[in-house]
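Take a look at the structure below.
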Amino acid sequence: MTDDVTKMTTYVVILSISLLTSVVTIFAAFEARYTRNSAVQFVTYSIFFSDSFWHGFRLVLYAIGLGYGRVPSTNAGERTYTDSNRVITGLVTIGGDLFMVLTSAFMVLSAYEMRRLVTKAISRSELRERQQITYYKRAVYVPFFACVAVYVGCVLSGDDSAVERVLRLSTYLITAGATVAMLYLLYTIVQIYLLNRKRHGFIDSAADHIAYRIKVLLTVYTLTILPALIVTWGYELAVQMGVEEPFGASGGEIFFVTNSIYYTGGFFNAFSMGGSVLCCIRILRPVLPREMHEQLLQSGNRHSDLESGDEHDPTQPPVFEPVFVNTDIESSTYLWSRNPNAMTEAQSLHDDCIRQHVASYNGYEITTAGDAFELAFHNVSDAVSWCIRVQKALMALPWPKELEEYRSAKSVTDIFGRLIFRGLRVRMAVHLGDGEMIQSIHPTTGKMTYSGLNELVAREVGDAGLGGQILISNVTRERYMAEHDVVRANGKKPAKSKTHMNLFKDFFFRDAPSCHIADLNLVVPMSEVVPYVLKTRFTPDRTSNMHFFMGNGHP
1 MTDDVTKMTT
11 YVVILSISLL
21 TSVVTIFAAF
31 EARYTRNSAV
41 QFVTYSIFFS
51 DSFWHGFRLV
61 LYAIGLGYGR
71 VPSTNAGERT
81 YTDSNRVITG
91 LVTIGGDLFM
101 VLTSAFMVLS
111 AYEMRRLVTK
121 AISRSELRER
131 QQITYYKRAV
141 YVPFFACVAV
151 YVGCVLSGDD
161 SAVERVLRLS
171 TYLITAGATV
181 AMLYLLYTIV
191 QIYLLNRKRH
201 GFIDSAADHI
211 AYRIKVLLTV
221 YTLTILPALI
231 VTWGYELAVQ
241 MGVEEPFGAS
251 GGEIFFVTNS
261 IYYTGGFFNA
271 FSMGGSVLCC
281 IRILRPVLPR
291 EMHEQLLQSG
301 NRHSDLESGD
311 EHDPTQPPVF
321 EPVFVNTDIE
331 SSTYLWSRNP
341 NAMTEAQSLH
351 DDCIRQHVAS
361 YNGYEITTAG
371 DAFELAFHNV
381 SDAVSWCIRV
391 QKALMALPWP
401 KELEEYRSAK
411 SVTDIFGRLI
421 FRGLRVRMAV
431 HLGDGEMIQS
441 IHPTTGKMTY
451 SGLNELVARE
461 VGDAGLGGQI
471 LISNVTRERY
481 MAEHDVVRAN
491 GKKPAKSKTH
501 MNLFKDFFFR
511 DAPSCHIADL
521 NLVVPMSEVV
531 PYVLKTRFTP
541 DRTSNMHFFM
551 GNGHP
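Structural data, given as structure tokens:
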């Protein structure tokens, strides 16, 4: 009897600490607007939500047990339904069990969402995010309440043996759910590792941060749940083989130790997933002046600055006057509708090519939407050089042969027989941001996002070009010339590296039609960046393609 009291007292202390840290994380690390509009924020928040409830239910259960001096029968040994207050202890037990299963389910969904961000990096619209959240709620909570209804039905029927069967079944659900969650987390790590190899070791810093979070999640979850899983599965297997008392006299102590480790899961999850500089700043919100809190929150979001202490690191997102590059695949909707299998392979080649060269020019991937990318560079020279480099690289990719059937992806030569198009046609546009940009950190990916008039203009001019064309706004062209003049004034010769593209050697500018943005009531004067090796792609007035062997056929 005294031994049970000691164990339950230990459980109560551990569960209280885990419950407290989980609740603090919920209020400090998450904001309601993000959990409503971001699927990965919702499922990660739901992990702590479920953790809080099952820790709370177990805390109440053991508190009841301490009052009686023994572990309630609904959570002891073979789980019988014999206590005098069995209705209450039974509901508390089953409630804790089902929230444990919910935690495992949300672990899987969180790993899936984070893996999707790393492997696909395709941003859903806000509407799609909310729809995904609704789908997750139905997929998780409908079975949850169905299980509750089954248990309550058994209790109301007065069939104690049926209640005991449900109580025992719930232990199998806990074990199965935890096993699936752990294996899926391991699968996610392997998938990210293979993707890293496929991309030749290049994953942008935000994606690498997400991959790290998954590794930490796997490590913490495995260390806390694995001992209990091994003991539980080993015990059940031994019993099924006819072994009585598999662990002998030490069985009670073994289960006590593994349960204690498992109950610390909420505490360690809180520090591995929610514990961060940003979380600590939010905790201090009630005692800090508003202006100071907002300043700290903005700097705390920029984890790279806090960790590295380098505010001019070119691998980090540009802070002052970012140079935006927007890309998009021409006729992609049509190609997807005609040959989705070939486009799946082509999309992967395109995405890898875009990302592979970003690091060479100190670029920063802001976001993607479908096949469109939005990038930011520290200067116009890097942005223009990246565009030219990628346009050349796209023609060298091993595109699926099936795409040769379509006009918007077939190989094309000019009148001199020189190859000027091959594979997907990607339009690009370069536009300079200003110092008035509003910068914020995406709550899930940790990536810098930009808001402001020039960011809107950059996206609009990104749709103005033709596939395979590089447009640049005149104000950005003027900035490039200013950068070029500074280099010349300093007595420096143009870079001779394989990556840097030089004006009048690798490319030239020519005028292009202005971009009319009706929604903003703006007319943006434009120019075209023309690589010499691809100068016969378009006529000087940009109204038609300057090649003669396109032929008739599909778009």
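Each residue of the sequence shown is one higher than the one before, starting from 1 at the first, in UniProt numbering. Every residue, glycine too, gets a C-beta built ideally from N, C-alpha and C.
| Item | Value |
| --- | --- |
| Inter-residue CB distance, residue 539 and residue 426 (contact presumed, cutoff 8 Å) | Residue 539 to residue 426, Cβ: 19 Å. No contact. |
| Cβ-based burial, residue 486 [other Cβ within 10 Å; buried from 16] | exposed |
| Nearest-angstrom beta carbon gap, residue 174 and residue 101 [assumed within contact, 8 Å] | 6 Å |
| For residue 427: DSSP bridge partner residues | 328 |
| Rounded C-alpha distance that separates residue 462 from residue 214 | 34 Å |
| Of the residues 411, 424 and 362, the one placed nearest residue 332, counting alpha carbons only | 424 |
| Residue 476 vs residue 380 beta-carbon contact at 8 Å | yes |
| Any 3 or more C-beta pairs closer than 8 Å across the stretch 104-116 and the stretch 37-53 | yes |
| Nonlocal neighbours in the same chain, by C-beta distance under 8 Å from residue 452, ignoring five residues either side | 433, 434, 436, 437 and 438 |
| Inter-stretch contact at 8 Å, needing at least 3 Cβ pairs: the stretch 81-99 / the stretch 147-154 | yes |
| Proximity of residue 422 and residue 399 at Cβ, strictly below 8 Å | yes |
| Of the listed residues 420, 264 and 185, nearest to residue 394 (C-alpha basis) | 420 |
| Cα-Cα separation between residue 504 and residue 527, rounded to whole angstroms | 15 Å |
| Cβ shell of residue 304 (< 6 Å), same chain only, five flanking positions each side left out | Residue confidence for residue 304 is low, a pLDDT of 39 falling below 50, so the modelled location carries little weight and cannot support an answer. |
| Three-way DSSP call (helix, strand, coil) for residue 528 in this model | strand |
| Residue 30 at chain B interface by Cβ criterion, 8 Å | In the structure shown, chain B cannot be found, because there is only a single protein chain. |
| Boundaries of the alpha helix (DSSP H) in which residue 343 is found, first to last residue | 340-356 |
| Pair within 8 Å by beta-carbon distance, residue 60 and residue 8 | no |
| Whole-angstrom distance between residue 99 and residue 55, CA atom to CA atom | 9 Å |
| Cβ contact (3+ pairs, closer than 8 Å) linking the stretch 76-83 and the stretch 37-48 | no |
| 8 Å Cβ cutoff met for residue 516 and residue 473 | no |
| Beta-carbon proximity check, residue 404 vs residue 411, cutoff 8 Å | yes |
| Sequence-distant residues of its chain with Cβ nearer than 7 Å to residue 357 (five each side left out) | 386, 389, 390 and 393 |
| beta-carbon residue 440 near the ligand FAD non-hydrogen atom, thresh 7 Å | The ligand content of the structure shown is nil, which means the ligand FAD is not present either. |
| Limits of the beta strand (DSSP E) - the one that residue 81 falls within | Counting along the chain, residue 81 falls outside any beta strand (DSSP E), and DSSP gives it neither H nor E. |
| Spatial neighbours of residue 484 in its chain, beta-carbon cut-off 8 Å, leaving aside the 5 residues before and after | 381 and 503 |
| Start and end residues, alpha helix (DSSP H) containing residue 58 | 39-68 |
| Continuous alpha helix (DSSP H) stretch holding residue 260: start and end | 251-263 |
| Sub-8 Å separation of residue 239 and residue 254 beta-carbons | no |
| Nearest neighbour of residue 180, chosen from 164, 57, 225 and 157 [CA to CA] | 225 |
| Test item: CB-CB of residue 319 and residue 501 under 8 Å | no |
| Own chain, CB closer than 7 Å to residue 243, minus 5 neighbours either side, in chain order | none |
| Length at least 4, wholly inside the stretch 458-525: the alpha helix (DSSP H) runs in chain order | 474-489 |
| Buried/exposed call for residue 137, threshold 16 Cβ in 10 Å | exposed |
| Beta-carbon contacts of residue 113 that lie in its chain and below 7 Å, excluding the five residues immediately before and after | 39, 40 and 43 |
| Span of the alpha helix (DSSP H), counted from its first residue to its last, around residue 156 | 126-157 |
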